[in-house]
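Protein chains in written order, with this note's numbering: chain X, 247 to 584; chain F, 29 to 770.
Encoded structure:
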């Protein structure tokens, strides 16, 4: 762990001022990931800017009927917020599927979006990793890659994004509000995280000097037919091998609109409009779901230890869509799969 | 006063532990304490060309950077580093020379005024290596594995395969029913909650007081004295509380060497705490490949057992335990043979982990027995009863006691085993396939020489002293219970003093031998206290005990009483005051009864229920019943906790635990407790522990010890249940869901 300067900001403007022109400065909110990375010498910020006092802690209705979630709303507070529980239960469930109670109590909404991969090589400075040290090589492609990507990987990186919450946000078509010295902008969730390509050191399209101020949910929350199904190597406190967030709008047995996003399989929460198109107007049964799964996984590629994820993802998608269609979402406390 | 032995007595140190009053090795403070942060190797094999600590030394607050190039003298012969439980070979010497033998090997120590500065300094140390290609893959090295050396003494013989009997190859070839298969288990790490830590207090006269996380303070004392050429009276080792060790603290670990090294170099008090990743550079349960052959008649009588093991150790020490012999001990079989080979890899030396040898050896055997039962279309429990051994055939002797039949009976009844449909995939619960499996457990009942001192005061309080550790098992509590009963005093009149090398001799705490050893030790010393009291009591004019022999009196409710007529009694305080003594102190050594004519073992029967989601392969262990026969149970609460914890560990062994090594780097890649999976609360459901009665006269108190037996058989019972649920036999642990995919 290296020595660093500490600054505390009391408003967004101050935070932006502190970060301006300092490429090695980092914001800290819950610190649930950044501190770990600093202890491992993976992140070596020269300055850490504490943003926990910024006034970004509210969950508010938007004029358009959606919800605006301040960047500093704690994961636990968000999961138990009545409006989230009632209108966006898939988001509440996805949050509860992640980490532990203690971590969720600390972790912030904005920080969740910015958490880094849990690829073991990224965390170990004794090994090559393109994400940590561009150009050093990817150790995972021919190494321990059980947890790694089957979709959207590159020759440079097959890391996955670790978040559960983001999988639900991707499915819900959330928007990310960003502030900077040059003005504010809004990024569609699908465009927020990026694929590794040949610059895997960049996880997102957030620019230097920008700060996440809020995440906005559109009105549609799929509160009737939804699920968050997460499959992992133990029944709690493990990252997803595969997870699926589903939202369905049904008309009888017919799918009016069907969305699903995958976690644990790519460098970003994975959505595929072509696969969702397969669902539209079709009967909500297993054959339809399997077709959609086939489309989303058409380009899936496995490595020595994670090829099983392709077939596992197929079965998870079918199961999750079935859970959503039946109105029997996966419980995050009872670990029995419904 | 009711006896304490056999009751559910709460831990006497429970309040101290949950309030933080109990101090662990890294919590002892002294003025001027400085902190060491360990630099570890990034390579697994090679040579250090240069350790450059100059950048670290420029940091304000950094005091020194120690390495093999810059350190006080250390012994230069292997013998000096061979501790009480060292295996054959050339023990690792931290910071000794420029050789790198495993990844994360300690190669330098940055000492600074604060732990933060030390850690920053550590990040600035640059090391240049001459790199060699490491070999850490057991599968690659299995053909190069070499047989373990024949034993040269009875101690080594505990670990080498037993002698063969009959004509096992011929019997196996001729058997009507035959099962042969290979079972693989990975490297596992202990992962105790408490990090390994040492605080060395440097006294003005150069004497040292060491607080170390260890399972044996006297082992550490002897080791430090021989490595640093110090006198025993100059080195005191304390370890009053240990936050879990599980075998990994039996041998001295490198935190103590580095802390002593720095204290002697700087003449200051030093603390060294390992980081969690550094904990993966300590010992581990060796990965192994076991091959089991079982031959039987069609009625399920075993006629041949072959059990071969290949296990992992380092390049520099031959660590091995006897995985194979359990097969021929547990079941009656005329023909048996065993073999054990070692694969020497570029890793640290393997070490004992809870129930070393049996946890893995019996796993393989009990899965093989399940497979044989399937082949025979026999009930797995019936097959075990048919093959039940009434004698230890490995050594041709009877058992001191063996209530395994009762474990089978009570365990099966509590579990409802008779309702099992033998057909795989036949039992369901909604989308879940339900599987029921069972297995047997067995472990040794050792006893070791030990010395206990008791000081009894005239006010009816007693202090019991012994150097043993309490690694979290509840040793302090059972010592207090036994002492209270033996001295006829209330529990809160007993104080226990342990974990200090100045106290009377104790072996390391391991092998489940401390409860039996120290309890009988307390009984011996208490008897001599009683004799002294009787001597005093007889001097009282008109003493009611004037004619009573030592064997006829007991200490009951604060009095020395005639066992035949308790009204003939004299209170402890009267006896002592009349005799003019305020304090009676006795110190006695108790040796185990040399009962080699009988085998001494604990046993268990484990029944497990799993529910497996048919579509996704997600496994839940919904019920476990563990019925244990382990002689007299001293404390049903702490013993029950020992078995519960063991069952949880068995769940981890079956489904979760695996140290993942990247063999290109020879490096553990999941060196943290987020990615090294062990069961969390969600993975643990209903666990029932049963202790069956097992009278045993092998030692005066009839105790056997329960620290380890609880894990044996659990992984096999779960693996067998997974087969019963799914029809799929997974023979390499852990059983992750991908191994069940179609």
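Backbone N, C-alpha and C define an ideal beta-carbon position, used for all residues, glycine too.
Because the structure is a prediction, the values reported are computed rather than measured.
Under 8 Å, Cβ to Cβ, is there at least one residue of chain F near residue i?
| i | result |
| --- | --- |
| residue 409 of chain X | no |
| residue 561 of chain X | yes |
| residue 482 of chain X | yes |
| residue 548 of chain X | no |
| residue 463 of chain X | no |
| residue 284 of chain X | no |
| residue 348 of chain X | no |
| residue 565 of chain X | yes |
| residue 274 of chain X | no |
| residue 389 of chain X | yes |
| residue 558 of chain X | yes |
| residue 582 of chain X | yes |
| residue 385 of chain X | yes |
| residue 247 of chain X | yes |
| residue 477 of chain X | yes |
| residue 554 of chain X | yes |
| residue 287 of chain X | yes |
| residue 373 of chain X | yes |
| residue 370 of chain X | yes |
Go ahead and pull the three-state DSSP assignment for residue i.
| i | result |
| --- | --- |
| residue 658 of chain F | coil |
| residue 507 of chain F | helix |
| residue 182 of chain F | helix |
| residue 304 of chain F | coil |
| residue 556 of chain F | helix |
| residue 348 of chain F | coil |
| residue 415 of chain X | helix |
| residue 229 of chain F | strand |
Answer with yes or no whether the minimum CB distance from residue i to chain X is below 8 Å.
| i | result |
| --- | --- |
| residue 769 of chain F | yes |
| residue 438 of chain F | no |
| residue 710 of chain F | yes |
| residue 363 of chain F | no |
| residue 697 of chain F | yes |
| residue 714 of chain F | no |
Write down the C-beta distance between residue i and residue j rounded to the nearest angstrom, noting that I regard them as a contact closer than 8 Å.
| i | j | result |
| --- | --- | --- |
| residue 544 of chain F | residue 732 of chain F | 6 Å |
| residue 352 of chain F | residue 362 of chain F | The pair is not a contact, with the Cβ atoms about 17 Å apart (cut-off 8 Å). |
| residue 277 of chain X | residue 352 of chain X | 7 Å |
| residue 548 of chain X | residue 396 of chain X | 6 Å |
| residue 568 of chain F | residue 587 of chain F | About 13 Å; that fails the 8 Å criterion. |
| residue 316 of chain F | residue 388 of chain F | 6 Å |
In terms of alpha-carbon separation, which member of the options lies closest to residue i?
| i | options | result |
| --- | --- | --- |
| residue 312 of chain F | F:592, F:217, F:89 | F:217 |
| residue 203 of chain F | F:333, F:654, F:116, F:84 | F:333 |
| residue 701 of chain F | F:640, F:118, F:219, F:711 | F:219 |
| residue 399 of chain X | X:423, X:505, X:445, X:248 | X:445 |
| residue 594 of chain F | F:600, F:604, F:582 | F:582 |
| residue 638 of chain F | F:443, F:728, F:104, F:253 | F:443 |
| residue 309 of chain X | X:576, X:544, X:528, X:462 | X:462 |
| residue 642 of chain F | F:326, F:756, F:328 | F:756 |
| residue 581 of chain X | F:516, F:747, F:647, F:197 | F:647 |
| residue 198 of chain F | F:421, F:734, F:364, F:403 | F:364 |
| residue 441 of chain X | X:431, X:404, X:384 | X:404 |
| residue 67 of chain F | F:137, F:129, F:326 | F:137 |
| residue 265 of chain X | X:455, X:576, X:475 | X:455 |
| residue 18 of chain F | F:672, F:760, F:660 | In the structure displayed, chain F extends from 29 to 770; residue 18 of chain F sits before or after that span and is not available. |
| residue 451 of chain F | F:754, F:105, F:680 | F:754 |
| residue 222 of chain F | F:509, F:500, F:759 | F:500 |
| residue 496 of chain X | X:470, X:521, X:260, X:475 | X:470 |
| residue 769 of chain F | X:554, X:478, X:566 | X:554 |
Compute the minimum distance between the beta carbon of residue i and the heavy atoms of the ligand GDP, and state whether it is under 7 Å.
| i | result |
| --- | --- |
| residue 135 of chain F | Of the ligands one can find in the structure shown there are none, so the ligand GDP has no counterpart to examine. |
Scan the stretch 142–153 of chain F for residues whose Cβ lies nearer than 9 Å to a Cβ of chain X and list them as they occur along the chain. 144, 145, 147, 148, 150, 151, 152
Closer than 8 Å, Cβ to Cβ, to anything on chain F: give me those residues from the stretch 352–366 of chain X, in chain order. 364, 366
Residues in the stretch 621–642 of chain F having any Cβ partner in chain X nearer than 9 Å: 639, 641
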